[in-house]
Structures are given as C-alpha cells and as structure tokens.
Amino acid sequence: MDRYALAVVFVVGTVLLSMLAVVATGGSFARLGRLHLRSLWLLMLGLIGQVVLEVVELPAARLDDAGYLLLLATYVLILVFCALNRRVGGMPVVMVGICLNVLVIALNQGMPTKDDVVERDGRTVHEPIERTVKHRPLEDDDLLSFLGDVLSIPGVPNQQFSIGDIVIGIGVADLCFEASRRPRRRGEYLPETVESS
262 MDRYALAVVF
272 VVGTVLLSML
282 AVVATGGSFA
292 RLGRLHLRSL
302 WLLMLGLIGQ
312 VVLEVVELPA
322 ARLDDAGYLL
332 LLATYVLILV
342 FCALNRRVGG
352 MPVVMVGICL
362 NVLVIALNQG
372 MPTKDDVVER
382 DGRTVHEPIE
392 RTVKHRPLED
402 DDLLSFLGDV
412 LSIPGVPNQQ
422 FSIGDIVIGI
432 GVADLCFEAS
442 RRPRRRGEYL
452 PETVESS
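Counting from 262, one number per residue, gives the positions in the sequence shown under my numbering.
This is the structure we're talking about:
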C-alpha cells in the first residue's frame, strides 16, 4: 500500500473512531459542529503543505535539506495551531502524538518506515519503501526507531503507522467526544456521585 492510500486509511479510521465515540456516548453532532477552533488556517496550511510535499517530486539531492526544512515548517504550523487551541478537550493528546512524530522525523531526517511486503515470483519478500520528503527506509542505526512507521495491522501488509499516529487518533476521538458533550458547570455533579443522605 502506498503512502497516499495509508494516509486515506488513517484519516478514515480516525473519523470513524471519532464518530463512534460521539454516538456511543450519546453526544450531539450539532454541538460538535459548533466547536470553535482558533486560527484553523494554520492547520489547513500545514496539512496542504504536507500533501504538496508528497505529491511534488523534489530532486533527490534536495530531500535532506530543502525538503526536510519545508516538512518541519509544516509541523511548526500544525503545532502552533494546536498550542493556540490547547484548552480544547483532547487537543493536548493530539499535540503529544504530533510531537512524537516530529521527534523521530527530526532525529532521522525523515520518518523511518519498515519495508513493504510484496509477492514476487511466488515468494514473499521485503522491499524497502521509496524515499520521500517525509518517509525513508528503516535502518539499523536509526534513533528511536520504535517511534517510526513500524506498526501494522496483522494480515494487512504495507500499512505502516507510528505510535504518534495512534496517539493522534485517540486525541481526535477525545476532542470529538468532549466537544459533543454539554459542558458541566462548576459544582455540578453527576447523579451517581451525589451522596445519599
């Protein structure tokens, strides 16, 4: 599975998990729709920048300098957006996930990614992924390689993701859960917490 398909799987999975969190807990999609996020343009610009970096093929000689700096710049935009909205429930968890991904990318000038599994001449072989601005083949001397795209779903080859991706998904689901609930006023207690007299 190529990196584009993986991104789609991750986004769809996160959205489904988030919607499930709202439905299963009796949340309100109308209330979720009224969620106000500050400087949303920073997030959009950062995400669009990452898509452009994946689609546009930079010369191989520019991957480790210009490409790398542009990638980190997109993460700066996304992290600034998160910081501005840190009081939104779930956003701190999202920030932790993004920081985990940025850390391993910064240490290794790209996200270490385990090999794809392909069928060739009736044999299953491991083939290093294609080098891009964001992703690069996993190597033995990578720093904190366990934070790279080294996880996969059993039985689904070539669908690598990271611990940071999982944390981001949980954070987005938590954000949707929190935003879909009626905020409790100070001093308000749930019925089961009220002591019987």
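Yeah, the Cβ is synthetic: ideal placement off N, Cα and C, and Gly gets one too.
Note that the structure is a prediction, hence the values are computed from the model and not measured.
Worksheet item: Once you ignore the five residues that flank TYR329 on each side, which residues in its own chain have a CB closer than 8 Å to its CB?
Response: The residue labelled residue 329 in the question sits at position 68 within the sequence shown. For TYR329, where only same-chain residues beyond five positions count, the Cβ hits under 8 Å are GLN370, GLY371, VAL394.
Worksheet entry | 7 Å Cβ shell around ASP435 - same chain, five flanking residues per side excluded | Within the sequence shown, numbered from 1, the residue matching residue 435 stands at position 174. If we look at ASP435 and ignore the five residues flanking it on each side, its Cβ neighbours are GLY350, GLY351, VAL354.
Discussion item. By DSSP's criteria, PRO398 is part of a beta bridge. Which residues make up the other side?
Written reply: Looking up residue 398 in the sequence shown gives position 137. DSSP, once it has assigned bridges, lists THR374 as partnering PRO398.
Discussion item. Buried or exposed, going by whether 16 or more other CB atoms sit within 10 Å of the CB of LEU286?
Written reply: Working through the sequence shown from its first residue, we reach residue 286 at position 25. Residue 286 is actually Thr in this sequence, not Leu. Burial call: exposed.
Practice prompt. For ALA440, I'd like the list of residues in its chain whose CB is within less than 6 Å of its CB, leaving aside the five on either flank, ordered along the chain.
Written response: In the sequence shown, residue 440 corresponds to position 179, counting from 1. Closer than 6 Å at the Cβ level, and outside the excluded window around ALA440, lie LEU293, LEU296.
Practice prompt. Go through its chain and collect everything with a Cβ distance to GLN232's Cβ below 8 Å, but skip five positions before and after it.
Written response: The first residue shown for the chain is 262 and the last is 458, placing residue 232 beyond what the model contains.
Worksheet item: Under 7 Å between the Cβ atoms of GLN420 and ASP410?
Response: If you number the sequence shown from 1, residue 420 lands on position 159. If you number the sequence shown from 1, residue 410 lands on position 149. No, these two residues do not count as a Cβ contact at 7 Å.
Worksheet item: To the nearest angstrom, how far is it from the Cα of MET356 to the Cα of SER423?
Response: Locating residue 356 in the sequence shown gives position 95, counting from the first residue. Locating residue 423 in the sequence shown gives position 162, counting from the first residue. In a straight line, the C-alpha of MET356 is about 14 Å away from that of SER423.
Discussion item. Going by beta-carbon coordinates alone, are PHE342 and LEU308 separated by less than 7 Å?
Written reply: Counting from one through the sequence shown, the residue named residue 342 turns up at place 81. Counting from one through the sequence shown, the residue named residue 308 turns up at place 47. Pairing PHE342 with LEU308 gives a Cβ-Cβ distance that is not under 7 Å.
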